[in-house]
Every structure is written in structure tokens, then in C-alpha cells.
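Just so we're aligned: the sequence shown equals residues 859 to 1384 in the numbering used here.
Quick reminder that beta carbons are idealized off the backbone N, C-alpha and C, glycines included.
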Amino acid sequence: MRRFARWLCALWLLSLCGASGAAETSRLVYSCGSNAGGDLSPHQYSSNQMYAQDMIYEPLVRYAVSGEIEPCLAESWEVSPDGKVYTFHLRRGVTFSDGTPWNARAAKANFDAVMANAGRHEWLGLIGELEGTEAADEHTLRLILKDAYGPTLADLSLIRPLRFLSPAQFGADGGTAKGIKAPVGTGPWVHAEARKGEYDLFKRNESYWGKKPELEEVLVKVVPEGDSRVAALETGDLDLIFGTSGHGAAQISLEAFKRLEATGRFETGVSNPRATRALAINSARGAGRDLAVRRAVQHAIDRDAIIRGVFLEVEPPAPFLFSTAMPYCDAGLAPYEHDLEKAKALLEEAGWKQEGDYRSKDGQELAFDLCFVGNDAEQKTIAEVVQSDLRKAGIRVNLIGEESDAYFKRQRDGEFGMIFNDTWGAPYDPHAMCASMRVPSHADYQAQSGLPMKKELDEKIGLVLRATTDAERSALYRDILTTLHDQAVYFPISYKTLVKVHRKGLVGVGFPAFVDSVPFDTMSWE
859 MRRFARWLCA
869 LWLLSLCGAS
879 GAAETSRLVY
889 SCGSNAGGDL
899 SPHQYSSNQM
909 YAQDMIYEPL
919 VRYAVSGEIE
929 PCLAESWEVS
939 PDGKVYTFHL
949 RRGVTFSDGT
959 PWNARAAKAN
969 FDAVMANAGR
979 HEWLGLIGEL
989 EGTEAADEHT
999 LRLILKDAYG
1009 PTLADLSLIR
1019 PLRFLSPAQF
1029 GADGGTAKGI
1039 KAPVGTGPWV
1049 HAEARKGEYD
1059 LFKRNESYWG
1069 KKPELEEVLV
1079 KVVPEGDSRV
1089 AALETGDLDL
1099 IFGTSGHGAA
1109 QISLEAFKRL
1119 EATGRFETGV
1129 SNPRATRALA
1139 INSARGAGRD
1149 LAVRRAVQHA
1159 IDRDAIIRGV
1169 FLEVEPPAPF
1179 LFSTAMPYCD
1189 AGLAPYEHDL
1199 EKAKALLEEA
1209 GWKQEGDYRS
1219 KDGQELAFDL
1229 CFVGNDAEQK
1239 TIAEVVQSDL
1249 RKAGIRVNLI
1259 GEESDAYFKR
1269 QRDGEFGMIF
1279 NDTWGAPYDP
1289 HAMCASMRVP
1299 SHADYQAQSG
1309 LPMKKELDEK
1319 IGLVLRATTD
1329 AERSALYRDI
1339 LTTLHDQAVY
1349 FPISYKTLVK
1359 VHRKGLVGVG
1369 FPAFVDSVPF
1379 DTMSWE
């Protein structure tokens, strides 16, 4: 009997040890619509997922939620009086997760690899301003610019393309443009395993120089559909849903978010506005060439109805391309109010006469092709609302839903009348977004290409990026944003927010500065 009691006691202790071991081997289960990416190079884009690149790789400086620039792989830095030389003092004692030392040579090798493929990154203003880099000594890196460039530190903080890969993992050609050997960075996570169409496994970087995450593993299951993701959370197969409800992150519909919130079973939250959902209107194609038409569109679409019906008032309406809370973006503009009769009057005055359902002028029907990602239910719903609203003003809207590759090709080539074109959030907005307007990498360049002042607008963007005083930047941004607003090139819809839904007991789930980050390194189980 005593032996039996001792056996029960031992079994009980073993069970406690097992439970404790499970707690210590803490794993978080998340999901994404696809695998983390191709080779997960920090210097490349699609199909690499930004959340994964952010987990693995680190920048010289970090952009904080407060908007401040903080040290990361650089402990400190100085800027020359003329603003053309940045000297970074690199953090000592840091290694990449493969054991390769982090130093100025490694930093320079990464900059050289990016600049060898500069054409791919010309959307980023710093790439065009970078004259070269110097490894002054083991722990000192210098960036030499052609001109003073105000957003230098902000550009260096971005998730891509200026983060750092172990030089031992560069491709066979000695660079990164044609692929890399393995995704190895200095960050708090290591990409440990992947199975196509099933999952990616990230493990804590045990050699990480900073505060190590309390979680040991993050398992990211591939769950393409939002409804399946919600069901997995409810059954306990997922621990966390985090991100936007729109294209890209597409983590959860707002209807499902509201329903889960109402159950009380989960912790939920909504961030402050992070970026802007918008339509770009092509000023160089069809009816979009006419300023009166573009302005009529602004008045004809009922933005508030979209906020109520599509975004369930979780996201606030966006009267301007950039929130006035963004740096330099409070330009004192007057919003376009929803006013169908004013829209009709503008079209009548411009000679667009209505006979039947739609207007025409000189034999041309007043029509737009509105392009969206075909499997994005939210974009499709908004497109249908826009189609209905513009029909009331006598404007035909043809809806074109396509796969994302075709959609992004239309953005670059200008084969659209209207197209979804979100801003990127902090710290991209406004400087990086404006910088990219000068090259055909996104819809902005094509949408603006028909403006009579396009050349002058691009020149002002160049000037604002090189401005050295706040007063000069403020004045130039006011001119740029006023021009874009007056020319009605964009129809802003809502200010994008992040949402979170997770199991109770998971703590540290804050909202990061970047829209595309997930703050796994601050999370833990109670």
C-alpha cells in the first residue's frame, strides 16, 4: 500500500514536471494566408512576408511607436553639419545567428548588395541619395550622401530593404539580388522550419544580443481564409489573430471581429489609425483626365456609408490622403463633402450630359474601370458601393477583379481608371510615400502622370526630402498635399487600424509602429 502511495505521489510529481515543462517550452500559434516567403532575403520583396523579415533581421536604428528614432544595431550616430555624412557607432558583441560577427564590414557588405540592385529599390528616397558607405573601423560605419536627406534615419528603420543578412549567407554571386543561402539575421527569431502550404516555425534566437523573447517558438500556420482562421481560434488551434482586416494582412473580417469581441471569451483591441485606405484616380486615362470628373467623384461617393456598412465604424473616415496626425500633414485643407447634387452640377458644367443611365461628352461615355484584387472580399464590397454611388451621378463603373499579380501590374503600368492604393503608415508617411510618387513602382506615379504640374510636383518632393529645416519641410509638404487634394487624384476612404483577438492568458500583445509587424518578442503566457 505504501509502495502504491509512493507510486501515486511520483506520478503526481511527474505530471507537475510535465506541465511545468510545457509552460517553459512556450509556443504561440499564429496564422498567415501563405508561407513566410521565398528565400526571406531582407533585401527583396514579394513573396517574402514583412512580419517574418521583421522577426529575423534588424536595422541600424529602430522607429518606436512614439515616433522617436532609437538605437538598434547602431548604439549612437552623428550627422555632419552639411547633412551629407552619417557616422554610426555599431553595437559591440553582436553576432548573426550563424555566429558571423556583426561589424562595419558586414554592414557595408549589405549596403553594397542593396546598391548593386538599386533599380529595384528606387522607390525609397535614400537609395537615390546614397553616394557610398565606408567601414571606418571595426565598429564605425559611414554613410555618404549626395545631398542632405532629412528622412535618412526613418528610411534606415524600415523592414526592407536596409536590414542586415549574415555575409556568410550571401548568394553564389556574392550578393543578394539573385537569392541567398539562408535567412540569417541578428534578430530575436530564427526561421527554423517550413512546410509549403502548411506552416513556418520560428524559434527564439538563443544568441540574441538584446532581451530574449519569453516565448520559445512561434508556429505560423498557413490558413488562407479568414473564416477558417476564426474557426481555428475558437477551437483552440490558434492563439492569436493580429493585423488589419484588409488586403495584405487580411487576418479577419470586421464582422467576425465584432462577433468574437461580443462573446467575451477572448481579449480584443483596436489600434489608433495607422495608414490610409484610398482609391487612386488615373489623371492620364479616359474620363479621369478631366479635373471636374475627378472632383465630382469626391462628392458622389458616400464615405460615411462605407465606414458604417463595411468597416462597422471600427475604422474612422479619411477625409485626406494622410491623417493630419502624421508629421507635416496638417495642411489646413477643406474636405470634400458628400454632395450628390454638387457632383452632378460639376459634371453638367464640364459638358458631361446625361441621356439614360450614364453621361457622355463628345461621344465618349463617362466611365471608369475600377480594379481590385478579386479574392479580397473587402475591396470587392467597397468597389460595389463606389459603383452604385457613381451610377447615381451618371458615371459608369466597370469592376475588374483579378489576381494580385495582375492587379499590381496594373498599378505599375497605369492600366486602370481607379484602383485601390493604400498608404503605408509610419514611418513611411508622408516622406517615403511621396518619394515613391516620382517612379512607376506603385499606382501613384501613373495616377498623377496626367497632371499639368506633375514635373513641378516631383521637383517639390525632391526638395522636401532634402530640406534641412522643419519650416522648409512644412511649407513644401503643404504645397504638395494641397496640390494632390485640389487635383482630386485620390479618394481617401478610411484610416486603417490594426485589430487583435487572442486567447486569455496571452499578455504583451501591443500594437507596433509598423502596420506589417507582429510583436511576438513582447508576448508571453501568464
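Extent of the continuous beta strand (DSSP E) run through residue i
i	result
cysteine 1292	Where cysteine 1292 is concerned, there is no enclosing beta strand (DSSP E), although the alpha helix (DSSP H) it sits in stretches over 1289-1294.
serine 1218	1217-1219
glutamate 1051	1047-1053
arginine 1135	1133-1139
lysine 1401	Examination of residue 1401 is not possible in this model, given that the chain is present from 859 through 1384 alone.
alanine 932	932-937
isoleucine 1277	1276-1278
isoleucine 1002	998-1003
Residue closest to residue i, alpha-carbon to alpha-carbon, out of the options
i	options	result
glycine 1055	Ser955, Phe1230, Cys890	Cys890
methionine 1381	Glu1075, Gln1306, Lys1267	Glu1075
lysine 1362	Trp1383, Phe1372, Ala1293	Trp1383
glutamate 1389	Ala1290, Leu984, Pro1041, Pro1174	Since the first residue shown for the chain is 859 and the last is 1384, residue 1389 is missing from the structure and cannot be characterised.
leucine 885	Ser934, Ser905, Val1357, Lys1061	Residue identity differs from the one stated: residue 885 is arginine in this sequence, not leucine. Comparing Cα-Cα distances from arginine 885 to each of Ser934, Ser905, Val1357, Lys1061, the minimum goes to Lys1061.
leucine 1323	Arg1296, Asp1344, Asn961, Pro1310	Arg1296
tryptophan 1067	Thr953, Pro1285, Glu1261, Ile1258	Thr953
valine 1373	Leu1016, Trp935, Ala971	Leu1016
glutamate 1064	His1049, Ala894, Thr998	His1049
histidine 1343	Leu1198, Ala1290, Asp1379, Ala1176	Ala1176
alanine 1133	Met908, Thr1182, Arg1021	Thr1182
leucine 1011	Tyr921, Lys1039, Asp1227, Phe1369	Tyr921
valine 1255	Arg1270, Tyr1216, Asp1271	Tyr1216
valine 1367	Gln1269, Glu1119, Val1128	Val1128
alanine 1142	Val1231, Asp1271, Ile985	Asp1271
leucine 931	Glu996, Asp897, Phe1022	Phe1022
valine 887	Leu1149, Lys1036, Val1078	Val1078
phenylalanine 1226	Lys1069, Phe1274, Asp1328	Phe1274
lysine 827	Ile1110, His901, Asp995	Coverage of the chain is limited to positions 859 through 1384, which leaves residue 827 absent and any answer about it impossible.
histidine 997	Ala976, Pro959, Ala1251	Pro959
leucine 948	Asp940, Lys942, Gly957, Pro929	Pro929
Neighbour-count burial assignment, residue i, 16 or more Cβ in a 10 Å radius
i	result
arginine 963	exposed
alanine 863	Unreliable placement is indicated for alanine 863, whose pLDDT of 40 sits below 50; the coordinate value is still reported in the next sentence. With fewer than 16 Cβ atoms within 10 Å of its Cβ, alanine 863 is classed as exposed.
glycine 987	A quick correction: the sequence has glutamate, not glycine, at residue 987. The residue in question, glutamate 987, is buried, as its Cβ has 16 or more Cβ neighbours within 10 Å.
proline 1009	buried
alanine 1030	exposed
glutamate 1195	exposed
arginine 1390	In the structure as shown, the chain starts at 859 and stops at 1384, and residue 1390 therefore has no counterpart that could be examined.
methionine 832	The first residue shown for the chain is 859 and the last is 1384, placing residue 832 beyond what the model contains.
alanine 971	buried
proline 1046	buried
valine 1376	buried
arginine 854	What is shown of the chain runs 859 to 1384, which leaves residue 854 out entirely.
serine 924	exposed
phenylalanine 1230	buried
tryptophan 870	With a pLDDT of only 35 at tryptophan 870, under 50, the local geometry of the prediction cannot be trusted, and the value read off the model is given with reservation. Looking at its Cβ environment, which holds fewer than 16 other Cβ atoms inside 10 Å, tryptophan 870 is exposed.
glycine 1214	exposed
lysine 1313	exposed
glutamate 1236	buried
aspartate 1162	exposed
lysine 1202	buried
alanine 1241	buried
Bridge-paired residues (DSSP) for residue i
i	result
arginine 1331	According to DSSP, which records beta bridges pairwise, arginine 1331 is partnered with nothing at all.
isoleucine 1099	Val1359
leucine 1257	Leu1228
aspartate 1058	Ala1052, Val1078
isoleucine 927	Tyr921
tyrosine 888	Val1078
glutamate 824	One cannot answer for residue 824 here, as it falls past the ends of the chain, which runs 859 to 1384.
valine 1271	Reading the sequence as shown, one finds aspartate at residue 1271 and not valine. In the DSSP output, where bridge partners are listed per residue, aspartate 1271 has none listed.
proline 959	Thr953
glycine 983	Partner(s): none; glycine 983 has no beta bridge.
threonine 1126	Val1359
Residue i at chain C interface by Cβ criterion, 7 Å
i	result
glutamine 1027	Protein chains in the displayed structure number just one, and chain C is not present.
First and last residue of the uninterrupted alpha helix (DSSP H) at residue i
i	result
alanine 1150	1149-1158
valine 1088	1084-1092
tyrosine 909	908-914
phenylalanine 969	962-973
arginine 1117	1112-1121
valine 1244	1235-1250
glycine 1167	1161-1167
alanine 1284	Per DSSP, alanine 1284 belongs to no alpha helix (DSSP H) and is neither H nor E.
Problem - Three CB pairs or more closer than 8 Å across the stretch 1337-1352 and the stretch 1301-1309 - result: yes
Handout entry: Validate contact between the stretch 1182-1190 and the stretch 1329-1346 using beta carbons, cut 8 Å, 3 pairs
Key = yes
Handout entry: the stretch 1275-1294 / the stretch 978-985 touching (three or more Cβ pairs under 8 Å)
Key = yes
Practice task
Assess, as a yes-or-no matter, whether the stretch 1242-1249 is touched by the stretch 1118-1125 under the definition of 3 or more beta carbon pairs within less than 8 Å.
Solution key: no
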